[in-house]
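Peer 1: Have a look at this one.
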Amino acid sequence: MSLINQFVQRVGSYKPRTMGEDMPQAGVLVPITRNTLTPEVILTRRAAALSTHSGQVAFPGGKFDDEDLTLENTALRETHEEIGIAPEHVELVGPLSQVVSLHGIQVSPFVGLVPENISLTPNPYELDSVFKVPLDFFLTTEPTRRDKMTYKGVSLQVPSYQYADRGESYEIWGLTAIVLVEFLNLAMDANITIFDDYQRDRP
4 MSLINQFVQR VGSYKPRTMG EDMPQAGVLV PITRNTLTPE VILTRRAAAL STHSGQVAFP
64 GGKFDDEDLT LENTALRETH EEIGIAPEHV ELVGPLSQVV SLHGIQVSPF VGLVPENISL
124 TPNPYELDSV FKVPLDFFLT TEPTRRDKMT YKGVSLQVPS YQYADRGESY EIWGLTAIVL
184 VEFLNLAMDA NITIFDDYQR DRP
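Its first residue numbered 4, the sequence shown is counted upward by one per residue in my numbering.
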């Protein structure tokens with residue numbers, strides 16, 4: 004079975020955790036290229052002038068708008084606005100578990116496959132750059148550190164990765180790393196643990 008088919012099968016049958024919280028909603032896309040041998044994840048770096056999460060690496064996405072009707076549509080709309088990938092070029096595979104941002108927004112991630120050589124055009128008002136990272140990078144690279152985060156009593160040890168691309172250095176951490184680790188564990192058997200403290204403290 005090819006890696007792409009493995010992604011589709013595993014993510015498509017996955018039952019992600021849902022929060023069910025009464026808070027603002029957002030949808031993000033986890034765009035994976037259809038490279039047969041070396042699939043890549045597409046990430047962005049938010050513009051330094053933005054009021055929230057400025058300069059941080061993130062998946063394309065944003066807050067839910069009533070006109071979107073669904074969070075999947077939010078993720079697709081924002082991806083088109085931020086990096087120029089039209090919805091018809093995204094094959095939605097399935098959702099990952101919801102997470103909550105530091106600003107109290109409940110984020111729903113959706114995995115989507117996109118053509119290997121699709122054109123990427125970062126919106127200069129929202130992004131400093133857009134870049135691709137081979138998924139194998141996260142399987143062969145040790146995190147530079149682990150950040151302790153706690154939500155509702157659950158303690159996480161979230162990995163942070165440094166990635167260099169075309170002379171730029173990117174830090175992949177926080178919420179983006181949490182979502183990415185879940186995908187890697189589910190789709191590629193990465194076995195990257197972020198619940199170390201939580202599991203160790205359980206009876």
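From the three backbone atoms N, C-alpha and C, an ideal C-beta is built for every residue, glycine too.
DSSP three-state label for Arg-48, please.
Peer 2: Translated into positions along the sequence shown, residue 48 becomes position 45. Note: Arg-48 maps to strand in three-state DSSP.
Peer 1: Just to confirm my understanding: we take Glu-174, look at its own chain, exclude 5 residues before and 5 after, and list those with CB closer than 7 Å. What are they?
Peer 2: Mapped onto the sequence shown, residue 174 falls at position 171. Hits under 7 Å: Val-60, Ser-163, Gln-165.
Peer 1: Identify, in the order they occur along the chain, each residue of the same chain with its Cβ nearer than 6 Å to the Cβ of Asp-131, setting aside the five sequence neighbours on each side.
Peer 2: Residue numbering aside, residue 131 sits at position 128 when the sequence shown is read from its first letter. Result list for Asp-131: Arg-48, Ala-50, in chain order.
Peer 1: With H, G and I counted as helix, E and B as strand and the rest as coil, what does DSSP make of Phe-113?
Peer 2: Residue numbering aside, residue 113 sits at position 110 when the sequence shown is read from its first letter. Correct three-state label for Phe-113: strand.
Peer 1: Compare the Cα-Cα distances from Arg-2 to each of Glu-91, Ala-180, Leu-187 and report the closest residue.
Peer 2: Here the chain comprises residues numbered 4 to 206, so residue 2 is not present and cannot be evaluated.
Peer 1: Can you give me the Cβ contacts of Val-96 inside the same chain, cut-off strictly under 7 Å, excluding the 5 residues immediately before and after it?
Peer 2: If you number the sequence shown from 1, residue 96 lands on position 93. Answer for Val-96: Phe-10, Val-11, Val-14, Gly-15, Val-114, Gly-115, Leu-116, listed in chain order.
Peer 1: Quick check on DSSP: helix, strand or coil for Ala-78?
Peer 2: Indexing the sequence shown from 1 puts residue 78 at position 75. Reduced to three states, the DSSP call for Ala-78 is helix.
Peer 1: From what residue to what residue does the beta strand (DSSP E) around Thr-153 run?
Peer 2: As a first step, residue 153 is located in the sequence shown; it is residue number 150 there, counting from the start. Note, Thr-153: beta strand (DSSP E), 148 to 154.
Peer 1: Which of the three DSSP states is assigned to Val-102 in this structure?
Peer 2: For the purposes of this step, residue 102 is taken as residue 99 along the sequence shown, with counting starting at 1. Three-state DSSP puts Val-102 in a strand.
Peer 1: Go ahead and pull the three-state DSSP assignment for Pro-19.
Peer 2: The residue you call residue 19 lines up with position 16 of the sequence shown. Pro-19: coil per DSSP, three-state reduction.
Peer 1: Starting from the Cα of Leu-142, find the closest Cα among Gly-30, Met-26, Thr-41 and give me that residue.
Peer 2: Along the sequence shown, read from residue 1 onward, the residue named residue 142 stands at position 139. Looking at the Cα atoms, Thr-41 is the closest of the given residues.
Peer 1: State buried or exposed for Ser-111, treating a residue as buried only when at least 16 other CB atoms are found within 10 Å of its CB.
Peer 2: On the sequence shown, position 108 is the one that residue 111 refers to. With 16 or more Cβ atoms within 10 Å of its Cβ, Ser-111 is classed as buried.
Peer 1: Comparing C-alpha positions only, which one of Thr-82, Asn-126, Pro-98, Asp-139 sits nearest to Phe-62?
Peer 2: Here residue 62 refers to the residue found at position 59 when the sequence shown is read from its first residue. Cα-wise, what sits closest to Phe-62 is Thr-82.
Peer 1: For Pro-2, name the three-state secondary structure that DSSP assigns.
Peer 2: This structure cannot settle anything about residue 2, because the visible part of the chain is limited to 4 through 206.
Peer 1: Based on Cα-Cα distance, which residue from Val-33, Pro-27, Asn-38 lies nearest to Ser-5?
Peer 2: On the sequence shown, position 2 is the one that residue 5 refers to. Here the closest residue by C-alpha is Asn-38.
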